[in-house]
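Per mature numbering (1 follows the signal peptide of the UniProt record, and there is no 0), the sequence shown runs over residues -22 to -1, 1 to 620. Quick reminder that beta carbons are idealized off the backbone N, C-alpha and C, glycines included. Since we're looking at a predicted model, the values are computed, not measured.
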Amino acid sequence: MRRTSAWVGWALCLCTSLAASAQDYLRVEDEMILDLFSEDGTKPEPRAVPTAEFLKCNKAAWRVHGQYLVVLRQGTHGSHVQMTIRRLRAKAARRGQLLEILHTYSAALHGFMVKMSSDVLHLSAPWNLQRLLQPHGGSSENGTYRPPSESASTTEGWLWSICWTAVFRVLHREIKGRVLITDFNSVPEEDGVRVHRQASQCDSHGTHIAGVVSGSDSGVARGAGVNLVRVLNCQGKGTVSRALAGLEYIQSTLLARPVDAVVVLLPFSGGFSRSLNAACRDMVAKGAVVIAAAGNYRDDACLYSPASEPEVITVGAVNSVDQLMSQGAGGTNFGRCIDLFAPGDDIVSASSDCSTCFTSQSGTSQAAAHAAGIAAVILSSNQNVLPVQVMQMMLHYSISHTINFLSLPDSHRLISPNLVAAMPPANSARASVSISVVQEVRVTSSDQAVSRCRLGEEMMSCSSYTPDGVHAGETISESSGQMECVAFNALGGEGVYAVARCCVIGGLQCQVHASPECVATQHHLTGCTLWSAAGISADSVHMAVIGDVRGHIHAVCCHAPSLECHLLENISADKDQVEVSCPSGWTLIDCSAVSPGSVVLAPVAKGNSCHVGSTSGAGGAAGVAVCCRVRQPEQPRASPPP
C-alpha cells in the first residue's frame, strides 16, 4: 500500500470527565486588528501603516450584523475620512463586495458608519500569532503573520481533532476547503433529545479551534487540513468510552490510509482516566504527535486526562503579557504534567455565526490549538521525526522565565514549566541538544519518587530536590528495560522530587556505571547520582564524592556522534549563592553542588543555569554544571566553555 507523504492532524474536541461540561471560553467579546489601507492598490507609505483596533460589542443581541463604525485617530484631518472611504470602496469593488456608507462624522470624531461584508476587512496578525514569531526570526511586517517557512503554512494533508460542534462552518472563509467532518459521530443524548448533525444550536468551539490551527488569517499553520471527529454533544458533554471510540476511529482510518506524520489535537479536559491515558499513549507509540489541553480548572493538571499522560504534549494557557490565563474563578491548570504554555486568552478566530464572522474565545483548548499548529509547521519540513523529537523541538525554542508563578501554590511554583511556545526558526531541523525535564511528584516521609523519560528519549542525568534540604539522595535503576530516576526521602524530610533530564539526539546511547567516572574514553560524563541510607547532608555528600563507603555513586555516561560535553564550576568562599550558566549554544544537562564542609542546599536548575545556595555564614558554596552541545559539521571541536 502506498504511503501518503502528508502529515495528518486530528482534533478531538472533547471536554469530559464522564459527564463534564465544557467551559473553555466565557466571553464573546471580540478584539481584532483592522488595517483599511492594506491591499488597496496604492503606493505603500515609506513607513508601516499603523493598525487600528477592532472591537465588537460583548452582547450578541446588541450587535447590528454587517455594520461597522470606523473612527479615525484623534488629530486626523477631516479630509482623511473621504480618502479612507474611497480606498475602502476600491477594495470592496476588487473583491466583488457591496459597500454602503450610512453616515459620516466630522464633529466630536472623524469617521463614518459603513454597511459591508467583513470580507472587505484585512485582518492583521492578532497578538497571539505575532507572539509566536517574535523570538526566532519570523516576521510580522505591517502586522502580517508570516511563519519562518512559507511551505509549512501551505502543508497538504490532514490534522485530526476530536470536537463537539455539530454544526461546523466548513465554508467559512478562514477554513474553506481545508476541513473535513468525518462520518464518525458518537455523542450522548442532550436534554432528552437525540442530537443530529444538522442541528444549528451548537456553539462555535470547533470552528474556532480549526481556525486557530489552519485559518487563512487567524491560523498558525495556514493551509493545513483538519479532520473532525465528534464525540461530545452541543453542551460539551460526553463519556470516556466515546472518546476512546473516537481515538480508535482515527487509528483505523490511518491504518487503512497510512501517512508519514500525524498530529492529534485533544482540546478537552476531564477527570483522571487510566483508560484514556493508555489510549493516548498507544497513539504516540504508533507515531502520532498527541497534543492535549491542560484544562481550565485552576488546578493540578495531573488530576485530569488526557493532560496527565506523560507521552502527550500538555499545554497550559497564558495571556498577551505571558501571564497565566484566568477565567473568573477558573483559569489554566498548572503543575509538573504541563509541558509548556501557549497563547490562550482572547484568541480571535473563525465563528460559526456566519461564513465571514470572527469571535474571541479563551481557554487551554485555544492554547493546545496553537501548539498543534506549531507541530504541523515542524512536521511539514521534518516528516520523519518522532513525536518525542517534535516535543523536544517545541521545548527547545520556547521562551523561558517570562511567566509569574506567584499566584500558584508553593508546591507547584518550582515544578510548573516556565516555558511559552514559540515558532522554531526556518533552520530548526539542524541538530541540537534539546532536553525535557521529567519531575515526579513530591512524596511524604520515608517514601520515594520515580521519574522516567518518554518513549524515544535517553536519560542523561538524574537528580533530586527537596524544599527543606533533607533527603537520602537519588540513584538510577532499570525497570522493564527503561531507566528510572529514583529519589529517596529521608527520615524527617518534607518530601522529595525526582528530576530526570531526558534528550533525543541521533545515535545517543547512555549507560550507568557504579563508579564516579566513565570507563570508555568516547563517553561523556553527563550526570552523577549519590544515595546514602544514612541520609544526605552537606558533609556526607562531600565525603561520598571523595570515596566514603556510606555513599553509593553512579555516573551517567553518554555517547553520540558530535556530542560535546564539558564541566563548568563556580566556587565562592564568601557568598551564600552561586550560579553556573552554560554559554550560548550549549545546554545544561546536570546541576550539582559540591561542599567544602558547609551546609549546601539542594541545587536547582533554572533554564540554562545552575543555582546553588548555602546557609548564611556557612563558608560559601560551589556549583557544578554539565553543559553539552551537538557539534555541527562546519563547527570546530570546542575547548571547554569559559
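Worksheet entry | Distance, I567 Cα to S194 Cα | For the purposes of this step, residue 194 is taken as residue 216 along the sequence shown, with counting starting at 1. For the purposes of this step, residue 567 is taken as residue 589 along the sequence shown, with counting starting at 1. About 40 Å.
* Asked: Using 9 Å as the limit for Cβ to Cβ distance, is A307 near chain B?
  -> Included in the structure is just one protein chain, with no chain B present.
Next item on the list: Closer than 8 Å by C-beta to H501: which residues in its own chain qualify, once you throw out the five before and the five after it? Chain order, please.
Entry: Mapped onto the sequence shown, residue 501 falls at position 523. Cβ neighbours of H501 beyond the five flanking positions: Q489, C535, C536, H537.
(request) Please look up how many angstroms separate the CB atoms of S327 and G189, rounded, as I've assumed it's under 8 Å. (result) Translated into the one-based positions of the sequence shown, residue 327 becomes position 349. Translated into the one-based positions of the sequence shown, residue 189 becomes position 211. Right, the Cβ-Cβ distance comes to about 4 Å (below 8 Å), so this counts as a contact.
Note to self: Within a Cβ cutoff of 8 Å, which residues of the same chain sit near L222, ignoring the five residues on either side of it in sequence?
What the structure shows: The residue given as residue 222 occupies position 244 in the sequence shown. Cβ-Cβ distances below 8 Å link L222 to S253, L254, A257 in the same chain, with the five nearest sequence neighbours on each side left out; the list follows chain order.
Stretch-stretch touch, CB-based, cutoff 8 Å, three pairs: the stretch 436 to 453 with the stretch 274 to 285: With the cut-off at 8 Å, the stretch 436 to 453 and the stretch 274 to 285 do not touch.
The stretch 289 to 303 in contact with the stretch 334 to 342 per 3-pair CB rule at 8 Å: Contact between the stretch 289 to 303 and the stretch 334 to 342 is present, because at least three Cβ pairs lie under 8 Å.
* Ordered along the chain, which non-local residues of its own chain (more than five positions away) have a Cβ less than 7 Å from that of C315? -> Looking up residue 315 in the sequence shown gives position 337. If we look at C315 and ignore the five residues flanking it on each side, its Cβ neighbours are A279, C280, A285, S286, T292.
Name, in chain order, the residues that DSSP records as bridge partners for S83. For the purposes of this step, residue 83 is taken as the residue at position 105 of the sequence shown. Position check: residue 83 holds Tyr in this sequence, whereas Ser was assumed. For Y83, which the question treats as bridged, DSSP gives the partners G89.
Just to confirm before moving on: does the CB-CB distance between S139 and A350 stay below 9 Å?
By one-based count along the sequence shown, residue 139 stands at place 161. By one-based count along the sequence shown, residue 350 stands at place 372. In this structure, A350 lies closer than 9 Å to S139 by Cβ.
| said: Given this structure, state the Cα-to-Cα distance separating V416 from P395, to the nearest angstrom. | reply: As a position in the sequence shown, residue 416 is number 438, starting the count at 1. As a position in the sequence shown, residue 395 is number 417, starting the count at 1. When rounded, the distance between both Cα atoms is 10 Å.
Rounded C-alpha distance that separates D8 from G473: Here residue 8 refers to the residue found at position 30 of the sequence shown. Here residue 473 refers to the residue found at position 495 of the sequence shown. At D8 the pLDDT is 29, less than 50, meaning the model places this residue with poor confidence and gives no usable figure here.
Three CB pairs or more closer than 8 Å across the stretch 67 to 75 and the stretch 352 to 363 | By the Cβ criterion, the stretch 67 to 75 is not in contact with the stretch 352 to 363, since fewer than three pairs of Cβ atoms, one from each stretch, lie closer than 8 Å.
By DSSP, does L66 sit in helix, in strand, or in coil? In the sequence shown, residue 66 corresponds to position 88, counting from 1. Helix, per DSSP.
Mind the definition here: the stretch 228 to 242 touches the stretch 257 to 274 only if three or more C-beta pairs lie below 8 Å; say whether that holds. Yes, since at least three Cβ pairs between the stretch 228 to 242 and the stretch 257 to 274 fall closer than 8 Å, the two stretches touch.
Requested in this report: Consult DSSP for N205 and reduce its assignment to one of helix, strand or coil.
Outcome: To locate residue 205, count along the sequence shown from 1; it is residue 227. If DSSP states are grouped into helix, strand and coil, N205 belongs with the strands.
Can you say whether G248 is buried or exposed, counting buried as having 16 or more other CB atoms within 10 angstroms of its CB? Translated into positions along the sequence shown, residue 248 becomes position 270. Classification of G248: buried, given that the 10 Å Cβ count is 16 or more.
Could you tell me if Q367 is buried or exposed, where buried requires 16 or more neighbouring beta carbons within 10 angstroms of its beta carbon? The residue given as residue 367 occupies position 389 in the sequence shown. Label assigned to Q367: buried.
**Message:** So for E557, helix, strand or coil by DSSP?
**Reply:** Looking up residue 557 in the sequence shown gives position 579. For E557, the secondary structure class from DSSP, reduced to helix, strand or coil, is strand.
inquiry  = So, with DSSP's three-state summary, where would you put E495?
reply    = Locating residue 495 in the sequence shown gives position 517, where the first residue counts as 1. Three-state result, E495: coil.
| task | Would you mind listing the beta strand (DSSP E) stretches within the stretch 204 to 275 that are 3+ residues and don't spill past its ends, in chain order? | result | Runs of the beta strand (DSSP E) inside the stretch 204 to 275: 204 to 208, 237 to 244, 266 to 271.
M61 burial status per 10 Å Cβ neighbour count (16 or more: buried): The residue labelled residue 61 in the question sits at position 83 within the sequence shown. With fewer than 16 Cβ atoms within 10 Å of its Cβ, M61 is classed as exposed.
Inset, instruction - For the beta strand (DSSP E) holding G74, just list the boundary residues, first then last. - result: Mapped onto the sequence shown, residue 74 falls at position 96. Following the DSSP letters along the chain, one finds G74 in no beta strand (DSSP E), marked with neither H nor E.
| Can you name, in chain order, every residue of its own chain whose Cβ lies under 6 Å from the Cβ of G563, other than the five neighbours on each side? | Within the sequence shown, numbered from 1, the residue matching residue 563 stands at position 585. In the same chain as G563, and ignoring 5 residues on each side of it, the C-beta atoms closer than 6 Å to its own belong to R607, in chain order.
- V296 - partner residues in DSSP beta bridges: Taking the sequence shown and counting its residues from 1, one reaches residue 296 at position 318. Beta-bridge pairing links V296 to L302, P321.
How should Q610 be labelled, buried or exposed, when 16 other C-beta atoms within 10 angstroms of its C-beta is the threshold for buried? Position 632 of the sequence shown holds residue 610. By the 10 Å Cβ count, Q610 comes out exposed.
Practice task
Run the CB neighbour count on N205, radius 10 Å, all protein chains shown included, and call it buried at 16 or more, exposed below.
Solution key: Walking along the sequence shown from the start, residue 205 turns up at place 227. It counts as buried.
**Request:** Please confirm if the stretch 81 to 95 is in contact with the stretch 51 to 67, defined as three or more CB-CB distances below 8 Å between the two stretches.
**Result:** Judged by pairs of C-beta atoms under 8 Å, the stretch 81 to 95 touches the stretch 51 to 67, as three or more such pairs exist.
Would you call the CB atoms of V508 and H530 closer than 9 Å? In the sequence shown, counting from the first residue as 1, residue 508 sits at position 530. In the sequence shown, counting from the first residue as 1, residue 530 sits at position 552. One detail in the question is off: residue 508 reads as Leu in this sequence, not Val. Yes. Within cutoff.
Collapsed DSSP secondary structure at W509 in the structure displayed: One-based indexing of the sequence shown puts residue 509 at position 531. Residue state, collapsed to three classes: strand.
For S458, write down the residues that DSSP places opposite it in a beta bridge. As a first step, residue 458 must be located in the sequence shown, where it is residue number 480. According to DSSP, S458 bridges with nothing at all.
Taking the beta carbon of P539 as the centre, do at least 16 other beta carbons fall within 10 Å, making it buried, or is it exposed? By one-based count along the sequence shown, residue 539 stands at place 561. Per the 10 Å Cβ criterion, exposed.
V604 lies in the beta strand (DSSP E); which residues open and close that run?
In the sequence shown, counting from the first residue as 1, residue 604 sits at position 626. Element bounds for V604: 599 to 608.
Please classify P402 as buried or exposed, where buried requires at least 16 neighbouring CB atoms within 10 angstroms. Translated into the one-based positions of the sequence shown, residue 402 becomes position 424. Flag for P402 reads buried.
Notebook entry, point to check: Is C335 helix, strand or coil when you go by DSSP?
Noted result: In the sequence shown, residue 335 corresponds to position 357, counting from 1. Of the three classes helix, strand and coil, the one that applies to C335 here is coil, per DSSP.
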